[in-house]
Amino acid sequence: MTKENKVNRRRFLKAAGATVAGAGAVSTLTPSASAQSHLTIRKQAAIPYKPDVLVVGGGPAGIGAALGAAARGANTLLIEHHAFFGGVAAWCLGMPINQMRPGNKPRSEVHELVLEKLRVYGDQAVRVGQHQLWCNVDYLKVAVLDALDQVGCKYLVHTRAIDAVVEGDRITGVVVATKRGPAVISAKAVVDCTGDADVAYYAGAETMKELGNLSPITLCLNLTNVTGEQVRKANMRDIARKAKKKYPLIPNGWGLGKVSNGSSFYINHAGTRDLGQFDATDPVQRTQAECQSRRQVLQMTLAMREFSGDHLKDIELIGTGTQVGVRETRRVKGPYVLTEEDALTGRKFDDVIAWRSGFLDIGFVRLSKMKIHDVPYRAIIPQKLDGLLMAGRCISATHVAASAGKSMGNCVATGHAAGLAAAMSVKKGCMPRELKVVDLQDALRAEGVDLNRSGDEQKELVNKG
Ligand SMILES: Cc1cc2nc3c(=O)[nH]c(=O)nc-3n(C[C@H](O)[C@H](O)[C@H](O)COP(=O)(O)OP(=O)(O)OC[C@H]3O[C@@H](n4cnc5c(N)ncnc54)[C@H](O)[C@@H]3O)c2cc1C
234 MTKENKVNRR RFLKAAGATV AGAGAVSTLT PSASAQSHLT IRKQAAIPYK PDVLVVGGGP
294 AGIGAALGAA ARGANTLLIE HHAFFGGVAA WCLGMPINQM RPGNKPRSEV HELVLEKLRV
354 YGDQAVRVGQ HQLWCNVDYL KVAVLDALDQ VGCKYLVHTR AIDAVVEGDR ITGVVVATKR
414 GPAVISAKAV VDCTGDADVA YYAGAETMKE LGNLSPITLC LNLTNVTGEQ VRKANMRDIA
474 RKAKKKYPLI PNGWGLGKVS NGSSFYINHA GTRDLGQFDA TDPVQRTQAE CQSRRQVLQM
534 TLAMREFSGD HLKDIELIGT GTQVGVRETR RVKGPYVLTE EDALTGRKFD DVIAWRSGFL
594 DIGFVRLSKM KIHDVPYRAI IPQKLDGLLM AGRCISATHV AASAGKSMGN CVATGHAAGL
654 AAAMSVKKGC MPRELKVVDL QDALRAEGVD LNRSGDEQKE LVNKG
């Protein structure tokens, strides 16, 4: 458990001269009257949207939440600090979006809408595997926009949540940074899909983070000018062993995966595993991880060119992710915390709102079989704070249990449930925690979610992730 969530940033901002707008005046930040302050806000942005449901973070979970809420008719805004939606799916180039269609059967209307929009762009955009979608990420980025447009979801990119507005025990908005300065976006319900639980943390909800035990961080890369035959002949462990002295940052070995429907290859690898622990929410450690990882990618490429004999001597680096892929940081503590045992035994819960399938996979540290298991509603709401739900990587789970549900299709599923719950609670005029779970379950079933999957062993698992 981290102590950092105890720091009340709202009070800090106030003490420093900035006022986070309170009840009734929540559309703009009030600039400080004190010119002495070291945190005076001089410019404010005006955001033209007044959403009922605000989804923060546009990765797999945020996409699921935004589509789930907007398709239900809620006035929904999705905000994202990068220039595009997709999160890890968009910057871990070439990776399969796992568990989107286990057994190649539809998982929900939300999952299917993303697939439908990808299919519009043909074979280059997507190929469906036994449970995964193999995507070209640049088609994915546009297909997500098409899906959001179809359900009438508004969205903003280059908009980063930097604080929360809390009134009593309830979150009522989020402070964002834009090119015109900060602004407050108020909402009746907020869904934290930042992966890092940023919103929950800013709002003072209890978060969990296992420092010293964090999963590795990885910058994925794309390569070309090599054939499948050459890749098969190259021995990566051998290359890594020979090259280690000259290129000390490289991992102990890696594999090249063919990018679906393309001629290039991608590498997902152990990243920072052997370089130390990096907390991606710490500005200094995050910088170290990003910079080390960029050096690591060049060293891996040079190692392949110089130490593979003839096999990979002409291999070319095409590009890397927009940022490193972060597997684990903070998770929000809910009334229930999912455990490793829940994943291994395929546990059922009465308040099931989603299920998670795939492997228990602490990236390049541990890979175990697990059973399909339920996610209870109590794992997607915080223990105390009202008005907030969370989805994806930051739901209430232990370090090991978090790794059991990290496949992107599962994140879309918890996002779908959280978005739908946000929309339904707004419509009923109640807090998300007051929503009758049976009503949410009925609504999920009506949107194609089978809530009786827990306990199943998955037969079709061929890819981890
Ligand atoms: C290296 C790596 C390899 C993986 N391999 C696979 C694989 O092969 N297949 C698979 O299915 N899964 C894989 N996973 C797991 C999977 O990608 C993640 O579990 C999943 O993406 C988590 O989804 P999310 O939406 O919760 O978070 P993310 O994908 O991290 O998305 C969070 C989004 O929120 C945005 N955001 C963050 N903070 C803020 C803020 N303060 N304000 C506004 N926006 C914000 C981010 O820019 C991002 O778009 C991998 C993960 C990693 C890191």
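My numbering numbers the first residue of the sequence shown as 234 and each following residue consecutively.
For each residue, glycine too, the CB sits at the ideal point set by N, CA and C.
Kindly give me the distance between the Cβ atoms of residue i and residue j, rounded to whole angstroms, as I take these residues to be in contact under 8 Å.
i	j	result
G579	I605	6 Å
V347	V377	7 Å
V289	V424	7 Å
L564	A436	Contrary to the premise, residue 564 reads as Arg rather than Leu in this sequence. That belief does not hold up - the Cβ atoms of R564 and A436 are roughly 15 Å apart, past 8 Å.
I548	T534	7 Å
A278	T411	4 Å
C386	I330	Actually they are not in contact, since the Cβ atoms of C386 and I330 sit about 20 Å apart, beyond 8 Å.
L454	V384	Between V384 and L454 the Cβ distance is about 34 Å, and since that is not below 8 Å, they are no contact.
F540	A522	Not a contact, Cβ separation roughly 25 Å.
P743	Q616	For the chain, the structure presents residues 234 to 698; residue 743 sits outside this window and is missing.
D594	S636	6 Å
P339	G681	6 Å
Y480	Q532	4 Å
Compare the C-alpha of residue i against each of the options and name the closest.
i	options	result
K466	L456, G488, A476	G488
G504	L535, D543, T451	T451
A304	G596, R340, L677, R686	L677
S601	A576, V585, A612, G428	A576
Q556	L571, R519, R611	R519
S629	I614, G336, L618	I614
D507	N446, G490, T514, R538	N446
G509	V559, P449, F498	P449
R413	A397, M469, K350, T392	T392
Y372	W588, S493, S640, S526	S493
R686	W588, A380, T405, V343	W588
I586	M664, G620, Y610, S541	Y610
A634	K477, E573, M623, L618	E573
M537	L444, S526, R474, L593	R474
S496	A513, V464, D471	V464
G642	F592, Q529, Y354	F592
K581	D683, E349, R352	D683
V670	S419, V398, D583	D583
D402	A438, D382, L531, Q332	A438
N501	D515, I483, V517	I483
G486	R470, Y480, A476	R470
C408	H314, G596, R528	Sequence inspection shows Val at residue 408; the Cys mentioned does not correspond to that position. Answer by Cα proximity: H314.
D379	E345, V398, D356	E345
L621	G554, Q357, R599, I404	I404
G662	Q357, D619, Q529	D619
Excluding the five sequence neighbours on either side, which residues of its own chain have a C-beta within less than 6 Å of the C-beta of residue i, listed in chain order?
i	result
A302	V286, T309, G652, A655, A656
Q691	S590
K421	D285, V659
G297	V343, V645, G648, H649
V559	I450, A513
K546	R538
Q699	The first residue shown for the chain is 234 and the last is 698, placing residue 699 beyond what the model contains.
L571	A612, A630, A634
S341	H649, E680, G681, V682
So, at 7 Å on beta carbons, what are the nonlocal neighbours of residue i in its own chain, with the 5 sequence-adjacent residues on each side left out?
i	result
T440	T235, N238, A430, A433, Y434, R563, R564, V565, K566
G625	G292, P293, A294, C426, G428, C644, T647, G648
G461	K491
Excluding the five sequence neighbours on either side, which residues of its own chain have a C-beta within less than 8 Å of the C-beta of residue i, listed in chain order?
i	result
T261	Interpretation of T261 is limited by its pLDDT of 49, a score under 50 that renders its predicted location unreliable; no figure is taken from the coordinates.
V370	G319, A322, A323, W324, L326, G327
A679	none
Y282	L310, K387, L389, I418
I395	V408, V409, A410, P415, Y435
Could you check whether the Cβ of residue i sits closer than 8 Å to any Cβ belonging to chain C?
i	result
V570	The question asks about chain C, but that chain is absent: this structure has only one protein chain.
In chain order, each beta strand (DSSP E) run of at least 3 residues that lies wholly inside the region 574-642 = The region 574-642 contains these whole beta strand (DSSP E) runs: 585-589, 592-595, 599-602, 606-609, 621-623.
ask   = Which ranges does the beta strand (DSSP E) cover as unbroken runs of at least 3 residues, wholly within the region 348-408, from first to last along the chain?
value = Taking only runs of at least 3 residues, the beta strand (DSSP E) segments lying wholly in the region 348-408 are 359-361, 366-368, 387-389, 393-400.
query = Where are the alpha helix (DSSP H) runs, 4 residues long or more, that stay fully inside the region 449-500, in chain order?
reply = 461-466, 469-476
Start-end ranges of the alpha helix (DSSP H) lying completely within the region 535-580, minimum 4 residues = Listed in chain order, the complete alpha helix (DSSP H) runs (minimum 4 residues) inside the region 535-580 are 573-578.
Uninterrupted beta strand (DSSP E) stretches inside the region 281-348 (no shorter than 3 residues) = Under the rule that a run must span 3 or more residues, the beta strand (DSSP E) segments found entirely inside the region 281-348 read 286-289, 309-312.
request  = Return the chain-ordered ranges of every alpha helix (DSSP H) run that is complete within the region 643-694 and spans a minimum of 4 residues.
outcome  = 670-679
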